[in-house]
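For reference, the structure is listed below as structure tokens.
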Amino acid sequence: MAVTQRLRNGSRRALLCFVLVVAWEAASGQIHYSIPEEMQKGSFVGNLAKDLGLDLKQLSDHGVRIVSRGRFQYFAMNVENGYLYTAENLDREQICAPEEKCLLHFEVLIEEKAKLFTVEVEITDINDHAPTFQHKMTELKINEFAPVGTRFSLQEAQDPDVGINSIQSYHLSNHKHFSLDMQTGAEGDKYPELLLETPLDREEQNVHDLILTATDGGDPVRSGTAQIRILVLDANDNAPIFTQPIYKVTVLENAPAGTLLLTVNATDADEGINSDVEYSFKKIKEKASQIFRIDPRTGEIATAAPLDYEEAALHELEIQAKDLGDLTGRCKVLVTVVDVNDNAPQITVPSLFSPISENTPPGTVVALLNIQDRDSGEKGEVTCSVPANLPFRLQKSLDNYYSLVTERPLDRELVSGYNVTITATDRGNPPLSSSTTVSVQISDRNDNAPIFSQKSYTSYVRENNPRGALVCQVRASDPDWGENARVTYSLLLPLLPGGEGSESPVSSSISIHSESGAVYALRSFDYEQLRELRFQVQAQDGGSPPLSTNVSVTLWILDQNDNSPEILYPASRSDGSTGVELAPRSSEPGYLVTKVVAVDADSGQNAWLSYQLLKATEPGLFRVGLQSGEIRTARSVLDKDALKQSLVVLVKDNGQPPLSASVSVTVVLADSLPQILSELSSLSASAAAAAGGGGGAEPQPGLTLYLGIAVASVSGLFFSFLLGLLALRLRRWRNSPLLESGASGNFSGVPVSQFVGIDGVRAFLHSYSQEASLTAGSRKSQILFPVVSCTNTLTAQQAPEKPAPPFICDDSNMSKSEEISNQVRAQNPTGDSGPWFPARCYFLLVPARNLFDHTCGDCPAGRPGSMVEIDPMWELTLVNIWRPPNRRSGRFGPMWVLTGFTVIS
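Residue numbers 1 to 905, in full-length UniProt numbering, belong to the letters of the sequence shown in order.
Here is the structure:
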């Protein structure tokens, strides 16, 4: 036995060293290899990459792999070198036991190209099995009177090898009574028989031992032996004979175990117990011995296990009938298995390409399917289908392979994945079917831009908000997936005329969170400076290339009551005082004294102003218009009413909480300037008397002396000033171009209607005047001419960056009338070239807003309003009033009154 094993190992090593590999590509594209059996795991089969025409880079890039048809994976491929190797030890007898030619088929799948190549590997037989006998000892009982030439059946040896490696001959050990004779069966098979050469004599020798040897034709030759013991008996000279040499029977493969197939019958011509026959299997394969059984007494053959057409469609059984004298007869039984539709189609998915991109074109391969039915004929024909409502279809690619391909474009935003059920149905009766589900996921493609929840956004924020406050939030969604759906937000800054270096008010006012879309304030907003902010927000996804969408955002700044009313008139001076308003003592109730003009930088109800009299010297003398701010007399002026009336007017807005401002207004009750001076003198005298005589004290002589000197000095200076002014005026008047043009004592360039008397001036002074201090140095005064805007809605005016050129009334500056005329004309806000008279006056500037209610019927459009000659003792020579008309409304426009404090000679 050890020698046999060594021979077997030696032959295997020799075959491994000399492997005949034959590879070719058949006309159908099939690649064929031939290798011997019993190759070790990992043995080289062939250069698959070369035979397929693929380079090594394509093997890894294209996803080349092997798909086996059976339950076992016998081969594997190395993607690094493209070689095909054995994955298991290959035993031809185990893989292809009954077949003469053993062929293994598998497919090579190139996944990226969805291409299949069929590979066929033939497993050639080697002499790796020695012949074996089922029974090592066989007993034959032969009658001593058996005639010479009688044949006795012998058991046959089994050798799973095929071809030349199977059993080729039998040999019998030398014996004088017996020899070996080879017989040929009906189908050409050979079997040994024992031939009686010489008569037997039981008395001489009743037992004979022989050795039967079976040999194959392999290299080296292998053999097997069995011992034959012959017992010599008395008188039994007839062998059993079957009624027919070959029995045939057909049975369905689904026949249950115990099904009776047929009954064989053999007869023996002997009589008595020598005619009794016993049936048994003479020659049967190992698998068949487990499926069939025979009754040794009746010859009934039945199934012992279920049949399977797919494993064996035909079973060949050799039956032996033997009598008590060991005489035998033989017959053959052929059992044909009829296929029934007992196998449902089997679906396997060798390759699945999932996920697939949503932009794949129709006809793209999603999966490869292998569908097999082990039944035969129509029962093995299979039809496959997928649900009609899915965007997929099946198409046959190669043999039992089907491709699952897309039928129409896919959209991940509509359906992100499909569970495709593949159903395979055969054509049996009744038909059998099976199904499997393939999960196909759709990968996203950046084909959708972000979408804002609103077409535009409008938000409101109150002014004086804290820095970093959330002012609004925008939201955008992207129906894509993953990185393609990640939305980031940014502000789109407008392109400014200054170029890249210019800073947009948007960038300095707000910022946006890139992930949440929340917009925050970078500074505190002021409604009075900025009332609305318009900008755009861009939402951009994270795809490649990225897609974006813009949306317009309007941020409205809401007003808060954070500005107190600003009083424009009467304007406060640097020392906190205001001007003096004149009111005639003869004024009737409702007489307009002045008007408090105020504005509020807020808006809406926060800018609604109301006026009220907070404090007054005579509470019942004056009243203030609640909405207009006009100060009017509430009753007639009485003699007991004081000359100087102090009023405090409160201006309050309508905000919550309300803010207010107050102004003090001084009103002098007098009909003329002399009356004002006389009353002031009497007030001073009474005040001095009260100071000197209060409480019965004696007057102080030193104080009276000083007061007298002061009054005398002021009076002397005043009269000197009047004389100088009169002389200067006469000289200038004599040299004036108006006189040279032929006018005698009149202004030829000015209509007579423009001169009014002293009553007009007094009326003017009673209505609109300011408190003036007449001093000796007034001729050196410097007056500025601000530009005053007079519109229906008053707004706070900023002081000009550079003051207007001062109009200095001095003797040295007034040497030429033309210079004075040019300086006055420069203050004309409309640039009107109308005649302006040389300044020979004591000028008084009254803001135009105080003259809204003033009417001048004598004022021609676009020309000086009036020229008034005043008594020289009051140092008021003329007042120029210019008041251009409003052409749209027909009313007079803003009025300008020029005043000065210098007498020009």
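All C-beta atoms, glycine included, are put in the ideal place defined by N, C-alpha and C.
On a predicted model such as this, the values are computed, not experimentally measured, just so you know.
Query                                                                                                                      : Result
Alpha-carbon spacing of Val365 relative to Lys57, whole angstroms                                                          : 22 Å
Residues near Ser548 in its chain [Cβ-Cβ closer than 8 Å; skip 5 each side]                                                : Ala449, Pro450, Gln538, Ala539, Gln540 and Asp541
Inter-stretch contact (C-beta, 8 Å, three-pair minimum) for the segment 226–234 and the segment 202–209                    : yes
CA-to-CA distance, Ala97 to Tyr191, given in whole angstroms                                                               : 21 Å
Buried or exposed by the 16-neighbour rule on C-beta atoms within 10 Å, applied to Val649                                  : buried
Pick from Ile422, Pro355, Thr421 and Asp276 that is closest to Arg445, judged by C-alpha positions                         : Pro355
Segment contact, 8 Å Cβ cut-off, at least three pairs: the segment 296–305 with the segment 257–264                        : yes
Proximity to Ser453 [Cα-Cα], best of Asn464, Asp478, Ser439 and Ala469                                                     : Asp478
Cut-off 7 Å between Cβ atoms - residues of its own chain near Lys644, not counting five sequence neighbours on either side : Thr666 and Val668
Run of the beta strand (DSSP E) containing Val335, from where it starts to where it stops                                  : Thr328 to Val338
Distance between Gly417 and Asp480 (C-alpha atoms, nearest Å)                                                              : 14 Å
Whole-angstrom C-beta distance between Gln30 and Glu120, which should lie under 8 Å                                        : 6 Å
Local conformation of Leu116 per DSSP, three classes                                                                       : strand
Segments of 3+ residues assigned as beta strand (DSSP E) that fall wholly inside the UniProt domain "Cadherin" (74–133)    : 75–77, 83–86, 102–110 and 115–124
Close beta carbons around Ile273, own chain, < 6 Å, minus the five adjacent residues each side                             : Leu324
Residue 908 and Ala214 closer than 8 Å at C-beta                                                                           : Here the chain comprises residues numbered 1 to 905, so residue 908 is not present and cannot be evaluated.
Sequence-distant residues of the same chain with beta carbon closer than 7 Å to His177, five excluded per side             : Leu196, Glu197, Thr198, Leu200 and His208
Residue burial classification, Leu194 (beta-carbon count within 10 angstroms, cutoff 16)                                   : buried
Buried versus exposed call for Leu717 [16 or more other C-beta atoms within 10 Å across all chains shown]                  : exposed
Given Gln395 as reference, the closest of Ala485, Leu558, Asn370 and Val337 once Cα atoms are compared                     : Asn370
First through last residue of the alpha helix (DSSP H) which encompasses Lys640                                            : Note, Lys640: premise wrong, no alpha helix (DSSP H); not H, not E.
Residues that DSSP places opposite Trp556 in a beta bridge                                                                 : Tyr460 and Glu532
At least 3 beta-carbon pairs within less than 8 Å: the segment 247–254 vs the segment 335–342                              : yes
Beta-bridge partners of Asp441, as assigned by DSSP                                                                        : A small fix is needed here, since residue 441 is Gln in this sequence, not Asp. Answer is Gly417.
C-beta atoms of Thr86 and Lys41 nearer than 8 Å                                                                            : yes
Contact under 8 Å by Cβ, Leu327 with Ala239                                                                                : yes
The beta strand (DSSP E) enclosing Ile510, as first and last residue numbers                                               : Ile510 to Ile512
Cβ contact check for the segment 628–635 and the segment 587–599: 3 or more pairs under 8 Å                                : yes
Touch test, the segment 381–396 against the segment 414–429, Cβ-Cβ under 8 Å, three pairs minimum                          : yes
Cα-Cα separation between Leu52 and Asp342, rounded to whole angstroms                                                      : 38 Å
Exposure of Gly428, with buried meaning 16 or more beta-carbon neighbours within 10 Å                                      : buried
The segment 653–663 touching the segment 558–570, judged by at least three CB pairs closer than 8 Å                        : yes
Residues bridged to residue 924 (per DSSP)                                                                                 : This structure cannot speak to residue 924, because the chain is shown only from 1 to 905.
Selected residue, minimal CA-CA separation from Lys282, among Asn174, Cys331, Ser173 and Lys136                            : Cys331
Start-to-end residues for the alpha helix (DSSP H) that takes in Leu398                                                    : Taken as a continuous stretch (DSSP letters only), Leu398 belongs to no alpha helix (DSSP H), being part of the beta strand (DSSP E) at Phe392 to Leu398.
For Asp559 and Arg412, the rounded distance between their alpha carbons                                                    : 49 Å
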